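Numbering (our numbering), first residue to last: 896 to 1452. Working notes for the structure below.
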RNA sequence: GCGCCUGUAGCUCAGUUGGAUAGAGCAACUGCCUUCUAAGCAGUGGGUCAGGGGUUCAAAUCCCUUCAGGCGCGCCA
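Structure follows, in structure tokens:
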């Protein structure tokens, strides 16, 4: 199905084209035509400001231009009811009732495929997000990134991309060392409480839990070993344990990755050395003060960056370039990185890095998700993994639930700062808009249950006469669900899944309003079936959008 | 000091890429359950779009500037 917006744009284009051909306009080429949907229904289903935009250049009044355009509009398919010129020079387009009914028919025919568009054309896209260090449980800020990344990936899938969701595990380096040592000390403290803890160690209770676990299994086996001998085990065990916890948390948050990519595997496969070699061959590396530098300034970075320290150790940056080279080598035509906004300073460096390798900068999209400020009763709570003072994603899930948490995170643009007041969220949890939306879905399901009980099976679209759908409330719903594919397309292009949450609230409002004022199941069989079809269409779209957001669509509540 | 993000109703946030009278949820107030689920519906009040300049037919939206908040500016990860 060709999107409606495109069809109308085409019709307007033809009208303007005729004017140009006839020399009735000064401009020579077709101007871009932007169709907007007026907030006020009385101003049409679509409107364009075209005539106003052209006015100054044409040296004619907007209304005159609008009239000329309107006179040349040809609606061959007969989808338009009327065209009006209003206000300072808007051209307002009204569509026929029959058009909306034909869309409803199409929705039912397409079923789950409705809302899937093809701007991606099957191109493969990688979405890497979260990639939290395996040094502690996920906290609430991670939850926001996870919800966003997961939903964005789903959205891109719906828009026709072949999407790979990926988590990059930083399982190499000093922090792993510190992590393992933290568990090791906690373990030793179980034999001698006087042993001092590490100054910069991970202080959270989860480390103690892991130490207890090791103790329960191994008793005193590791006390007798030297630290060098014992450490590899503690590092490995702690890392695995924490990673499993992260996996479990994400699973319960309805976030599933296609691939968990290990940083260590890049080293093992020689890709870090490989990328350094390639950079050297391309002439981007140089030595200074015993360290190896990449000349990122050549591609707009503030300063050049060290990739190999004077100690011979690689910086974090080196494997990161290797990882991104790996991504591009796998053939992704778009690579999306989603980071917490505290990493924003890293973007120019990485961009420069991939350009040094010759990859086009535009294929990398970096989305920064603003941090979550955690409040309790309006007072700020500081969060840091090492000091162990944070609220975990697990706690949030237990307290407010997966659906409410995801919806909460997704009703915001990623770049808006979010104040998350736990007490407030708990208090508002029952009134949370997410239940309002879910309730709409449950209500419709309930109607179908009722109909079934009264001997009215769900009608088949081929058998139903939809002309009974003529209430304004019905038209409103049909228009809303007809706009769904456009919404998917636009939000996917702009990488903005949050728009779906607002759309869902609008659709739910329309449904609740309708439900309250009209009955679906009545004595009139013809009308009942038509309305059931409409309900089916609304339900279909609710379900589809909720699925993209990773939120459940309950059958009953 | 420099850079990035943000500032919209009492609170939390949208705002169709510059368009018509700036919206929603929560909170406050008023009504509505013998009928498919009241986690619902209908209504009321609430705004110097942080402040000030500018650009134009038109600015919450673009430019400049001031103020306020958040985050960055490592041979850390």
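A virtual CB, placed ideally from N, CA and C, is assigned to each residue, including glycine. Since the model is a prediction, treat every value here as computed from it, not as a measurement.
Query: DSSP state of residue 1015, grouped into three classes?; Result: coil
Query: Going by CA-CA distance only, name the one from 1175, 1250, 1107, 980 that's closest to residue 1085.; Result: 1107
Query: Nearest by alpha-carbon distance to residue 1291: which of 1272, 1332, 1320, 1150 is it?; Result: 1320
Query: Count the other CB atoms within 10 Å of the CB of residue 1154; is the residue buried (16 or more) or exposed (fewer)?; Result: exposed
Query: Using DSSP with H/G/I as helix, E/B as strand and the rest coil, what is residue 987?; Result: strand
Query: Using the Cβ count rule (16 or more neighbours within 10 Å means buried), how would you classify residue 1439?; Result: buried
Query: Please report the Cβ distance between residue 946 and residue 964, rounded to the nearest whole angstrom; I am assuming they are in contact, meaning their Cβ atoms lie under 8 Å.; Result: 6 Å
Query: What residue does the beta strand (DSSP E) around residue 1437 start on, and which one ends it?; Result: Element bounds for residue 1437: not the beta strand (DSSP E) but the alpha helix (DSSP H), 1420-1444.
Query: Round the Cβ separation of residue 1295 and residue 1262 to the nearest angstrom and send it over; I've been treating them as touching at under 8 Å.; Result: Their Cβ separation, rounded to whole angstroms, is 25 Å, which puts residue 1295 and residue 1262 out of contact at 8 Å.
Query: According to DSSP, simplified to helix, strand and coil, what is residue 1200?; Result: strand
Query: On a CA-only basis, which of 973, 1402, 1287 is nearest residue 1144? Give me that one, please.; Result: 1287
Query: At what residues does the alpha helix (DSSP H) containing residue 1046 begin and finish?; Result: 1035-1053
Query: By Cβ distance below 6 Å, which residues in the same chain neighbour residue 1156 in space, the five residues on each side in sequence not counted?; Result: 1061, 1063
Query: On a Cα-Cα basis, can you pick out the residue from 1128, 1119, 1090 that is closest to residue 1105?; Result: 1128
Query: For the putative contact between residue 1383 and residue 1053, defined by C-beta atoms under 8 Å, what is the C-beta separation to the nearest angstrom?; Result: 5 Å
Query: Can you find at least 3 beta carbon pairs, one from the stretch 975-985 and one from the stretch 950-962, that sit closer than 8 Å?; Result: yes
Query: Residue 1261 by DSSP, collapsed to three states: which one?; Result: strand
Query: Could you name the residues that DSSP lists as bridge partners for residue 1287?; Result: 1034
Query: Suppose you measure from the CA of residue 904 to the CA of residue 1069; what does that come to, to the nearest Å?; Result: 58 Å
Query: Considering only C-alpha positions, which residue in the set 972, 1434, 1347, 1331 is nearest to residue 1377?; Result: 1434
Query: In terms of residue numbering, what span does the alpha helix (DSSP H) encompassing residue 1085 cover?; Result: It is not in any alpha helix (DSSP H) - residue 1085 carries neither H nor E in the DSSP assignment.
Query: Which value, in whole angstroms, describes the spacing of the CA atoms of residue 1211 and residue 1436?; Result: 44 Å
Query: So the beta strand (DSSP E) residue 1313 belongs to, where does it begin and stop?; Result: 1313-1316
Query: Helix, strand or coil: which one does DSSP assign to residue 1334?; Result: helix
Query: Can you grab the Cα-Cα spacing for the pair residue 1372 / residue 1407, in whole Å?; Result: 11 Å
Query: Classify residue 1264: buried if its beta carbon has 16 or more other beta carbons within 10 angstroms, exposed otherwise.; Result: buried
Query: In whole angstroms, give me the CA-to-CA distance for residue 995 and residue 1426.; Result: 14 Å
Query: If I follow the unbroken beta strand (DSSP E) through residue 1059, where does it start and stop?; Result: 1057-1064
Query: For residue 908, I'd like the list of residues in its chain whose CB is within less than 7 Å of its CB, leaving aside the five on either flank, ordered along the chain.; Result: 925, 928
Query: Quick check: what's the CA-CA separation for residue 1441 versus residue 1395?; Result: 8 Å
Query: Quick check: the Cα distance between residue 1065 and residue 1010, rounded to an integer number of angstroms?; Result: 37 Å
Query: Count the CB pairs spanning the stretch 1131-1150 and the stretch 1082-1096 that are closer than 8 Å, and state whether there are at least three.; Result: no
Query: Terminal residues of the continuous beta strand (DSSP E) containing residue 1307?; Result: Careful: residue 1307 lies outside any beta strand (DSSP E) and carries neither H nor E.
Query: Can you check which of these residues, 1114, 1189, 1209, 1229, is closest to residue 1161 by C-alpha distance?; Result: 1209
Query: Counting beta carbon pairs with one atom in the stretch 1357-1367 and one in the stretch 989-1003, are three or more of them shorter than 8 Å?; Result: yes
Query: Short check: CB of residue 1228 to CB of residue 1018, under 8 Å?; Result: yes
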